[in-house]
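What follows is a set of notes on a single structure, which appears directly below.
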Amino acid sequence: MPLTLSLSHDTLVLRSDDLNDPDSVAHLVRHFKPAGCPLPSLRNMTEREAYVKMAVAHAKIMEANNEFAATLEKFMQYVTRSDELYEIKKVVRELKLGLKMAQDRERANAAQLAAAEKLGNQAALLEARLKEVELGSELDVMAISDFSVGKHDLPQISEDLPEDFFAKVPSVADDVMKYSGGQFEDGEFNIEE
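Numbers 12 to 204, taken from this note's numbering, label the letters of the sequence shown in order.
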């Protein structure tokens, strides 16, 4: 059965072709000792040159790998995870909604303030007009200090009007004439009621 070498995750499989090739890594791996076993010094090691070459290449690869890992770690510090990104988007949406609601409230408050100012101006105008009317009525009251008609010198109506005036206009006296004996002529009303 042929021996194979392939790396898949943590499994190392050796192929017989690679073991026979002196420049292959599999050939070098065959010479590694288990953990805790001291390695022979490089002076006494067989295939010293290949081992040194492989160790230097491996060190360069590990250095490049470490630099790449450090670069990725730095980059990943600034990259948010999808759940964090979702939470951030959710907060941004909530803040935008809150801002829109606050702006709507501000516009409504501004409209109410304008309406209140308009009503205040109308009230001030009406109050000024009321004061004018009150002042005018006070002046009228002061001009006429006594409301009794008897004290005023008024002309007698019957003397000033021509005699035929009363003949043309029906008078209250005619109504009084219809009244006789406590009742009107048609008997509709009684004075004693």
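Virtual Cβ for every residue (Gly too), placed ideally from N, Cα, C.
As the structure is a prediction and not an experimental result, all values here were calculated from the model.
Determine the DSSP secondary structure at residue i, reduced to helix, strand or coil.
i       : result
Lys-100 : helix
Glu-204 : Residue placement at Glu-204 is poorly supported in this model, since its pLDDT is 45, which falls under 50; the coordinates still yield a value, given next. Coil.
Arg-54  : coil
Arg-207 : Within the shown structure, residues of the chain are numbered from 12 to 204, placing residue 207 beyond reach of any answer.
Gly-109 : helix
Gly-147 : helix
Gly-210 : The first residue shown for the chain is 12 and the last is 204, placing residue 210 beyond what the model contains.
Met-12  : For Met-12, the predicted structure reports a pLDDT of 34, less than 50, and the residue's modelled location is therefore unreliable. A value from the coordinates is still provided. Coil.
Leu-23  : Because Leu-23 sits at a pLDDT of 48, beneath the cut-off of 50, its placement in the model cannot be relied upon, and the following sentence gives the value as read from the coordinates. If DSSP states are grouped into helix, strand and coil, Leu-23 belongs with the strands.
With a threshold of 8 Å on Cβ separation, who are the neighbours of residue i within its own chain once the five nearest residues in sequence on each side are excluded?
i       : result
Ala-75  : none
Ala-126 : none
Thr-91  : Ile-99
Give me, in chain order, the residues of the same chain whose beta-carbon lies closer than 7 Å to that of residue i; leave out the 5 immediate sequence neighbours on both sides.
i       : result
Met-56  : Tyr-62
Asn-132 : none
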